[in-house]
Amino acid sequence: MAASLSAQIATMASDLYREQVKGRVVDWDVPEQASGQQEMRNEPQVGGIYVRLFLKDPKFPLRNPKRFLEGLLDQYLTSVAASQYDGQAVDTELPLLLSAAPVSLLRMYPALADHVGYL
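Listed below in structure tokens is the structure:
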């Protein structure tokens, strides 16, 4: 994703440069929908942290691991309840991701295990 975003920015910069070299004044603005945003739209995130990316690198330093843990557990319970009680077609991978993330988080921050008991 980073490589494709970099390529898009390079293309936009070269197009803008060509227009400026021609002597044109270009009123440039950021495109409405970047493809990087399109790819990440349905990606589960908690507190601004993408769950899949956290699972790839659980050593990533978190600003507030306690709040991240609370958000993970809240979304997990919500997704499990939605899949069982609503009867809708729900992404079955989401509860798996949201259950694996707290395990990884508790491995990195064992002191948070005491906080889970209070929830």
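The UniProt record's numbering puts the first residue of the sequence shown at 1, with every later residue one more than the last.
The beta carbon of each residue, even a glycine, is placed where N, CA and C say it ideally should be.
None of these values were measured; they are calculated from a predicted model.
So what does DSSP say about V25, is it helix, strand or coil?
coil
Use the C-beta contact count for A10: other C-beta atoms within 10 angstroms, 16 or more gives buried, fewer gives exposed.
exposed
As a quick exercise: from K59, D27, R63, pick the residue whose alpha carbon is nearest that of G47.
R63
Taking C-beta to C-beta, are F54 and A113 nearer than 8 Å?
no
Throw me the rounded Cβ distance for the L98 and Q84 pair, which I believe falls under 8 Å.
Contact doesn't hold; Cβ gap of about 14 Å is too wide.
Look up Q45 in the DSSP assignment and give the residues it is bridged to.
Y50
Expected contact under 8 Å - CB spacing of P58 and S104 to nearest Å
4 Å
Extent of the continuous alpha helix (DSSP H) run through D74
65-85
Taking the alpha-carbon of L73 as reference, which of L96, S4, T92 has the nearest alpha-carbon?
L96
Considering just the uninterrupted stretch of the alpha helix (DSSP H) at V30, what are its terminal residues?
Taken as a continuous stretch (DSSP letters only), V30 belongs to no alpha helix (DSSP H), as it is neither H nor E.
Which residues in the same chain as W28 place their Cβ atom closer than 6 Å to its Cβ, once the five residues preceding and following it in sequence are excluded?
L16
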